[in-house]
Amino acid sequence: MAIALTVRDETTMGKTTNEFVVEFLTEEITVRELIRARVYQEVQDYNTRQPGEYRGLVQPSDAERTLNGGKLKTGRQIDWKQQFEQACEAFDQARVLVLVDDQQVESLEQQVVLRPKTPQHEATSVTFLKLTPLVGG
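Residue 2 is where the sequence shown starts when you use the numbering used here, and the numbers rise one by one after that.
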């Protein structure tokens, strides 16, 4: 049975900017697998629907910068593998933080145990925080 995991993007002030569900077939995954599944799903969703803005974990290089996403050339398909590589690089460079049950994970190879919601405990929560470098800092 698949485990449904709710993934949230939040600002450093705690405001949720994006939320969706990713399904996993196993209870134990690595942070790398978590990022891969998240990026794959958001790219597939974008490529299928083709909305005006791509609100992914990392922006494609030719996306115009907007407040909450990037506008792409009409009809452009995004390569999920390239986005995945950029997301892993962003994690390694601390431009993206991943919190699992409100605890920061440190490594792409760190194991994460997924729990579904039960009467005894809450489901595993995952939050992505995108950090913006300060100008002149």
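Built from N, CA and C at the ideal position, the CB exists for glycine as well. Predicted, not measured: the structure shown is a model, and the values here were computed from it.
Residue environment for alanine 88: buried (at least 16 other C-beta atoms within 10 angstroms of its C-beta). In this structure, valine 32 sits away from leucine 6, with a CB-CB distance that is not shorter than 8 Å.
One alpha carbon belongs to glutamate 86, the other to proline 120, and they sit about 38 Å apart. For aspartate 93, the number of other beta carbons within 10 angstroms of its own is below 16, and it is reported as exposed. A Cβ-Cβ separation of about 7 Å places tyrosine 55 in contact with isoleucine 79 under the 8 Å criterion.
One thing to note: glutamine 104 has its Cβ no nearer than 8 Å to the Cβ of leucine 98.
Taken through DSSP and simplified to helix, strand or coil, alanine 5 comes out as strand. Counting only residues of its own chain and dropping the five nearest sequence neighbours on each side, leucine 115 has a CB closer than 7 Å to the CB of Ile4, Leu6, Phe25, Glu28, Ile30, Thr125. In the three-state reduction of the DSSP assignment, threonine 49 falls in the helix class, which pools H, G and I. Closest in C-alpha terms to tryptophan 81, from the list Thr49, Val101, Asp102, comes Thr49.
For glutamine 42, the CB contacts under 8 Å within the same chain, skipping 5 residues up- and downstream, are Phe21, Val23 in chain order. The beta carbon of arginine 39 sits closer than 6 Å to the beta carbons of Val8, Val23 from its chain, once the five residues preceding and following it are set aside; these are given in chain order. In the same chain as proline 117, and ignoring 5 residues on each side of it, the C-beta atoms closer than 6 Å to its own belong to Ile4, Ala124, in chain order.
Ranking Leu132, Gln84, Thr128 by CA distance to the CA of asparagine 19 puts Thr128 first.
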